[in-house]
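For the sequence shown, this note's numbering begins at -19 and goes up steadily by one.
Built from N, CA and C at the ideal position, the CB exists for glycine as well.
All values derive from a computational prediction rather than experimental measurement.
These notes are about the structure you will find just below.
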Amino acid sequence: MTASDKPIASLSLDLDNQWSYMKTHGGTAWQTFPSYLDVVVPRALRFLEERGLTITFFIVGQDAERAENRPALSAITAAGHEVGNHSFHHEPWLHLYSDADIEAEIARAERAIEEATGRRPEGFRGPGFSISRAVLATLKRRGYRYDASTFPTFLGPLARAYYFFTARLSKEEREQRKALFGGLREGLRPLRPYSWRLSEGTLIEVPVTTMPIFRAPFHVSYLTYLAGYSPALARFYFAMALQLCRWTGVQPSLLLHPLDFLGVDDGIEPLNFFPGMNIPAATKLAWLDGFISVYTRWFHVLPMGRHVDLLGTMKRMREFEPDFSADRGEPIHAVG
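Encoded structure:
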């Protein structure tokens, strides 16, 4: 099957740094901004180059603003990849910010990313899939082409419960994070790309794809978690998810994270709490190779921006009015 015969799909990587995982987990050790970008970015770029893939890296502004990270980040665009905005402070409670703070957060990250990479981001993904009407309005005003912050799954409350069980959080921090990963109604959101209808205009939304019908996640970190129990189960699960996408006409958007490329032998002890960080990097890379090989065999895989370009050539997308409660538990309402 040639690329032109395959259904369209996209691939992106949320470039969450070591400090951002530590910050979300609780404690203060993250405040020195420990980083693994000098290890993970070259490893990811090499992996992608060997497979002829171009993807989108969603970069955290705090990392882009630090001089020691500039060589790694500039290598991303030098290799021909796209960059997106992943906020400045990487706080999954971004939806609780005031309008002015949201504007400042997105603008500061945007400037830092452009200075570090030479490219202005045209897409955004909220940390921890955080999203609000104010975030979307800010993106539209600032000229962004798309958002990629929705994650249509019913498993958000379960993921949040596991997170609270394993994290070291104060009562105040738990309150701040009470909407992390969203509520059950997140699973009712569309899987196909659509447009948000805003007073400022329309903005394309490209969801992080979950399994059609079941709405179970299949981003690579979840597949790696399954592979830790049974690689065969993980392969079967991923193949089933992709087959359901093909049967239902969903163009998948697959998500990577840095820890998909890192393992126990990389010696990042503060992240030992994270599932899969007890596995050697070579083993995880072999699993990743298997997942990506299937993905590229069944789909024509593009970066997010190119995926959005092709959406513009398709029939008119459905439009939805943003409607978010404080806990992000309200559904969105179709208006066209």
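Measuring alpha carbon to alpha carbon, tell me which residue in Arg226, Gln11 and Leu178 is nearest lysine -14.
Position 6 of the sequence shown, counting from 1, holds the residue named residue -14. Residue Arg226 is the option with its Cα nearest to lysine -14.
Taking alanine -11 and glutamine 231 to be in contact with their CB atoms under 8 Å, please state how far apart those CB atoms are, rounded to whole angstroms.
Sequence index remark: in the sequence shown, residue -11 carries index 9 (1-based). Sequence index remark: in the sequence shown, residue 231 carries index 251 (1-based). Contact flag correct, Cβ pair sits at about 6 Å.
Rounding to the nearest angstrom, what Cα-Cα distance links glutamate 94 and asparagine 65 in this structure?
By 1-based counting over the sequence shown, the position of residue 94 is 114. By 1-based counting over the sequence shown, the position of residue 65 is 85. Straight-line Cα distance between these residues: approximately 10 Å.
What residue from Glu166, Trp176, Leu239 and Glu180 has the CA that sits closest to tyrosine 202's CA?
Mapped onto the sequence shown, residue 202 falls at position 222. Distance check between tyrosine 202 and each of Glu166, Trp176, Leu239 and Glu180 places Leu239 closest, using alpha-carbon atoms only.
What first and last residue would you give for the beta strand (DSSP E) that runs through glycine 64?
To locate residue 64, count along the sequence shown from 1; it is residue 84. That run of the beta strand (DSSP E) goes 62 to 65.
Who does tyrosine 126 pair with in a DSSP beta bridge?
Translated into positions along the sequence shown, residue 126 becomes position 146. BP columns for tyrosine 126 point to Gly103 and Ile184.
Hey, alanine 44 and alanine 96: beta-carbon distance below 8 Å or not?
Looking up residue 44 in the sequence shown gives position 64. Looking up residue 96 in the sequence shown gives position 116. Yes, these two residues count as a Cβ contact at 8 Å.
Is it buried or exposed for threonine 4, if we count other Cβ within 10 angstroms and need 16 for buried?
As a position in the sequence shown, residue 4 is number 24, starting the count at 1. Buried is the call here.
Going by DSSP, what residues sit across from tryptophan 73 in a beta bridge?
Counting from one through the sequence shown, the residue named residue 73 turns up at place 93. Paired residue(s): none; tryptophan 73 is not in a bridge.
Mark arginine 321 as exposed unless 16 or more other C-beta atoms lie within 10 angstroms of its C-beta, in which case mark it buried.
Residue 321 lies beyond the range of the chain shown here (-19 to 316); nothing can be said about it.
Which term fits arginine 31, buried or exposed, when burial requires 16 or more other beta carbons within 10 angstroms of its beta carbon?
Reading the sequence shown from its first residue, position 51 is the one you call residue 31. Exposed, because fewer than 16 other Cβ atoms sit within 10 Å of the Cβ of arginine 31.
Which of helix, strand or coil does DSSP assign to phenylalanine 27?
Against the sequence shown, residue 27 aligns to sequence position 47. In the structure shown, phenylalanine 27 sits in a helix (DSSP, three-state: H, G or I).
Under a Cβ-count criterion, where at least 16 other Cβ atoms within 10 Å of its own Cβ denotes burial, should glutamine 11 be classed as buried or exposed?
Mapped onto the sequence shown, residue 11 falls at position 31. The residue in question, glutamine 11, is exposed, as its Cβ has fewer than 16 Cβ neighbours within 10 Å.
Beta-carbon of phenylalanine 194 versus every beta-carbon of chain B: anything under 8 Å?
The question asks about chain B, but that chain is absent: this structure has only one protein chain.
Along the chain, where does the alpha helix (DSSP H) that runs through arginine 177 open and close?
Translated into the one-based positions of the sequence shown, residue 177 becomes position 197. From DSSP, arginine 177 is part of no alpha helix (DSSP H) but of the beta strand (DSSP E) over 174 to 178.
Note down the Cα distance separating isoleucine 193 from arginine 46, rounded to an integer number of angstroms.
Locating residue 193 in the sequence shown gives position 213, counting from the first residue. Locating residue 46 in the sequence shown gives position 66, counting from the first residue. Computed Cα separation, rounded: 43 Å.
How big is the Cα-Cα spacing for alanine 114 and leucine 242?
For this step, residue 114 is matched to residue 134 along the sequence shown. For this step, residue 242 is matched to residue 262 along the sequence shown. Roughly 35 Å separates the two Cα atoms.
Alpha carbon to alpha carbon, how far is glycine 285 from arginine 140? Give it in angstroms, no decimals.
Start at 1 with the first residue of the sequence shown, and residue 140 comes out as number 160. Start at 1 with the first residue of the sequence shown, and residue 285 comes out as number 305. Caution applies to arginine 140, whose pLDDT of 49 falls short of 50 and renders its modelled position unreliable; the value that the coordinates give is listed next. Roughly 30 Å separates the two Cα atoms.
When the distance is taken between beta carbons, is leucine 53 closer than 8 Å to isoleucine 39?
The residue given as residue 39 occupies position 59 in the sequence shown. The residue given as residue 53 occupies position 73 in the sequence shown. The answer is yes: Cβ separation under 8 Å.
Could you give the DSSP three-state label for serine -8: helix, strand or coil?
Translated into positions along the sequence shown, residue -8 becomes position 12. Three-state result, serine -8: strand.
Quick one: using the 10 Å Cβ neighbour count with 16 as the cut-off for buried, is alanine 24 buried or exposed?
For this step, residue 24 is matched to residue 44 along the sequence shown. Buried, since its Cβ has 16 or more Cβ neighbours within 10 Å.
For alanine 55, name the three-state secondary structure that DSSP assigns.
Residue 55 sits at position 75 when you count from the first residue of the sequence shown. If DSSP states are grouped into helix, strand and coil, alanine 55 belongs with the helices.
Would you mind sorting tyrosine 209 into buried or exposed? The rule is 16 or more other CB atoms within 10 Å of its CB.
Sequence index remark: in the sequence shown, residue 209 carries index 229 (1-based). Counting Cβ neighbours within 10 Å, tyrosine 209 comes out exposed, since fewer than 16 surround it.
As a quick exercise: from Asp18, Gly108 and Lys264, pick the residue whose alpha carbon is nearest that of proline 72.
As a working mapping, residue 72 is identified with position 92 in the sequence shown. Cα-wise, what sits closest to proline 72 is Gly108.
When the Cα atoms are used, what is the spatial distance from isoleucine 259 to leucine 206?
As a working note, residue 259 is residue 279 in the sequence shown. As a working note, residue 206 is residue 226 in the sequence shown. Take the alpha-carbon of isoleucine 259 and the one of leucine 206: they are about 12 Å apart.
Mapping DSSP to helix, strand and coil, what is leucine 119?
For the purposes of this step, residue 119 is identified with residue 139 of the sequence shown, where counting begins at 1. Residue state, collapsed to three classes: helix.
For glycine 292, is the classification buried or exposed, using 16 other Cβ atoms within 10 angstroms of its Cβ as the cut-off for buried?
Locating residue 292 in the sequence shown gives position 312, where the first residue counts as 1. That one is exposed.
What whole-angstrom Cβ distance do glycine 41 and phenylalanine 13 have, given they're in contact under 8 Å?
As a position in the sequence shown, residue 41 is number 61, starting the count at 1. As a position in the sequence shown, residue 13 is number 33, starting the count at 1. Taking 8 Å as the upper bound for CB-CB distance, glycine 41 and phenylalanine 13 are not in contact here, some 12 Å apart.
On a Cα-Cα basis, can you pick out the residue from Gly247, Pro250, Val186 and Thr263 that is closest to proline 211?
Stepping through the sequence shown from its first residue, residue 211 is reached at position 231. Cα-wise, what sits closest to proline 211 is Thr263.
Taking a contact to mean a Cβ-Cβ separation below 8 Å, would you say serine 233 touches proline 187 in this structure?
Here residue 233 corresponds to residue number 253 of the sequence shown, with the count starting at 1. Here residue 187 corresponds to residue number 207 of the sequence shown, with the count starting at 1. Yes. Within cutoff.
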